[in-house]
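Working notes, structure below.
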Amino acid sequence: MSGRGQSWSDCDEDVREYVLRAAELVDGWVYVHGSLAMGCFNRAKSDVDLLIVVPNALTATERERIARAFAGTAATRPVPGDFEMSVLTAEQAATHAHPRPFEVHYSAAWTDAILRGDVDYSGPRADPDLAAHITVVRKRGVAVSGPPPEEVFAPVPYADYLSAVLEDLHDVMAGESLLKSPCYGVLNACRVLAMSPGTVLSKEEVAVWAREHLPAEHQAVV
């Protein structure tokens with residue numbers, strides 16, 4: 064049933080195979096977070112969120128190989144949503160910093176640039192969004208391979224998690240982004256309102272929270 068909210072434990076077989084094939088592209092531990100970990104993956108629009116942990120730092124050649132391998136999966140993915148994936152070393156995963164250093168990042172926004180060869184893989188890189196991704200994977204994530212995520216990823220201070228979520232909200236409210244992705248924007252705004260230390264909610268869960276807590280004039284939008 065494609066319309067149901069899915070989790071890693073009960074997802075459609077083609078989605079599972081898609082993730083497992085991607086896991087073979089990198090020699091490391093693979094963790095699912097986001098909607099597929101929290102039981103609200105929607106085939107029609109959800110991305111597949113992954114964090115991958117490798118033992119040691121990668122060379123520029125290795126980074127490019129991994130990025131190109133993920134970009135190459137875009138044409139044959141079984142769902143409209145693409146991977147959003149970051150590779151970290153074990154040390155980067157275990158050491159908190161904000162923004163958090165990483166080795167490789169892939170998402171749909173990077174596919175064309177990666178395939179054109181327009182991405183620089185040399186030098187250090189860091190991503191403030193990882194504060195949110197790591198908070199989610201520690202609290203709600205699933206290990207496809209490797210130890211439990213809370214044993215691999217250092218805790219993220221709430222202030223840094225909040226900062227990452229607010230920056231994402233600012234991006235989705237800028238320009239015409241909200242008009243292009245109203246579901247994502249509205250539910251991210253609800254997520255910010257519902258946030259508290261120690262709590263990690265899915266977009267579906269914050270929609271329920273919003274229906275119970277927001278004023279009546281906002282209910283139709285939610």
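According to this note's numbering, the sequence shown is numbered sequentially starting from 64.
C-beta atoms are modelled at their ideal positions from N, C-alpha and C, and glycine is treated no differently.
Assign residue i to buried or exposed, taking buried as 16 or more other Cβ atoms, counted over all protein chains shown, within 10 Å of its Cβ.
i    : result
M101 : buried
N251 : buried
A172 : exposed
H96  : buried
H233 : exposed
G66  : exposed
D112 : buried
E154 : exposed
H168 : buried
E166 : buried
May I have the straight-line CA-CA distance separating residue i from residue j, to the nearest angstrom?
i    : j    : result
V255 : L225 : 8 Å
M64  : G186 : Its pLDDT being 45, under 50, M64 is placed unreliably in this model, and the value from its coordinates should be taken loosely. The straight-line gap from Cα to Cα measures roughly 45 Å.
G144 : F133 : 13 Å
R274 : S265 : 14 Å
T158 : E280 : 44 Å
E147 : P260 : 25 Å
E267 : R140 : 24 Å
E213 : D175 : 34 Å
R203 : A130 : 26 Å
A227 : A195 : 6 Å
R126 : V142 : 25 Å
W272 : G209 : 33 Å
Y184 : T124 : 8 Å
D90  : Q282 : 46 Å
A156 : T122 : 18 Å
D181 : V150 : 19 Å
Y81  : C74  : 11 Å
Quick one: residues in its chain with C-beta nearer than 7 Å to the C-beta of residue i, no 5 flanking neighbours on either side, listed in chain order?
i    : result
T198 : V219, Y224, V263
A270 : L250, C253, V285
Y247 : V235
R84  : none
A86  : V93, V207, S208
W71  : V95, L99, A100, V205
L241 : V235, G248
Near residue i, what residues of its chain come up, given a Cβ to Cβ distance below 6 Å and the 5 sequence neighbours on each side ignored?
i    : result
P162 : A189, D190, P191
F104 : Q69, S98
R201 : P212, E213, F216
D77  : P141
L178 : A134
What does DSSP give as the partner residues of residue i in its beta bridges?
i    : result
H96  : D112
H168 : S149
Q69  : F104
V219 : DSSP, once it has assigned bridges, lists no residue as partnering V219.
E190 : Residue 190 is actually Asp in this sequence, not Glu. R163, per the DSSP bridge assignment.
A206 : Y94
V117 : T152
Leaving out five residues on either side along the sequence, give the residues of the same chain with a beta carbon under 8 Å from the beta carbon of residue i.
i    : result
D110 : G97, S98, G144, D145, F146, E147, S170, A171
A160 : A189
A222 : none
Mind listing, in chain order, the continuous beta strand (DSSP E) runs of no fewer than 3 residues lying wholly within the stretch 231 to 271? none
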